[in-house]
Amino acid sequence: MREANNNCPALSPFGTARDTQIQVIGTFAKHSEQIEGAKCLSPLVKMYRKLSSWENLLLAYRKASKGKRGHPNVAAFEHRFEDHLFELEDELRNFSYSPGKYRSFHIHEPKRRLISAAPFRDRVVHHALCNLIEPIFERSFIHDSYANRV
């Protein structure tokens, strides 16, 4: 990995085809912290630390479960939600988080479409990431921008 002048490693924003964005950021954070005597913490490292914070994961869990508490997978997560959140926090901090398999199914309204749904624990991580990046991008959105918002 190439190093920048200020002793912080440079990283392409694109990982390999099988890397997820969170894994790429995690890899960057891990390598940045391993540089002996590093004088800076990159904004990505700071963001990754916030991503894995208990407060952010708890807020993300609340957002992801809002209006879905009757669903079986959400209820299973909620039964021991603190344990699940501690596990997610640990996986994110140890750079061992890996997304689960998507569940695919068809819906027929208004037409037949294939839906691929992430496991609930992954949706919690998605919301945790959105908690951090939404304020950054919100400033650049036009007032009438509503599509694909969390």
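According to numbering that gives the first Met the number 0, the sequence shown holds residues 0 to 149 in order. All C-beta atoms in this analysis are idealised placements derived from N, C-alpha and C, irrespective of residue type, glycine included.
Q.
Tell me the DSSP secondary structure of S64 in three-state form.
A. Residue mapping note: residue 64 aligns to position 65 of the sequence shown, counting from 1. Helix.
(Q) Closest to P70 by C-alpha separation, out of S139, L43, F119 and E108, would be which residue? (A) Taking the first residue of the sequence shown as 1, we reach residue 70 at position 71. The sequence as given places His at residue 70; Pro does not occur at that position. Closest by alpha carbon: F119.
**Q.** Buried or exposed by the 16-neighbour rule on C-beta atoms within 10 Å, applied to A116
**A.** The count along the sequence shown starts at 1 and reaches residue 116 at position 117. When all chains shown are included, A116 counts as exposed.
**Q.** Own chain partners of S95 with C-beta closer than 6 Å, once the 5 adjacent residues on each side are dropped
**A.** By one-based count along the sequence shown, residue 95 stands at place 96. Taken in chain order, the list of residues that qualify is empty.
Q: Below 8 Å on the Cβ atoms is my guess for H126 versus K62; work out the distance and round it to an integer in Å.
A: In the sequence shown, the residue the question calls residue 126 occupies position 127. In the sequence shown, the residue the question calls residue 62 occupies position 63. Going by Cβ atoms, the distance from H126 to K62 rounds to 5 Å, so yes, they are a contact pair.
**Q.** contact_flag[the stretch 75-86, the stretch 52-61] where n(CB pairs < 8 Å) is 3 or more
**A.** yes
**Q.** Residue range of the unbroken beta strand (DSSP E) whose run includes R102
**A.** Your numbering for residue 102 matches position 103 in the sequence shown. R102 -> beta strand (DSSP E) spans R102 to I106.
Q) Shortest alpha-carbon distance to L91 belongs to which of R111, D121, S41 and E133? A) The sequence position of residue 91 within the sequence shown is 92, counting from 1. When only C-alpha atoms are compared, the closest one is D121.
Q | Euclidean distance between Cα positions of S51 and D89 | A | Taking the sequence shown and counting its residues from 1, one reaches residue 51 at position 52. Taking the sequence shown and counting its residues from 1, one reaches residue 89 at position 90. Cα to Cα, the separation comes out at about 8 Å.
Q: Let me know the alpha helix (DSSP H) ranges lying completely inside the stretch 47-101, each 4 residues or longer, listed in chain order.
A: 53-64, 71-78 and 80-92
Q) When the distance is taken between beta carbons, is L128 closer than 8 Å to K49? A) Walking along the sequence shown from the start, residue 49 turns up at place 50. Walking along the sequence shown from the start, residue 128 turns up at place 129. The answer is no: Cβ separation not under 8 Å.
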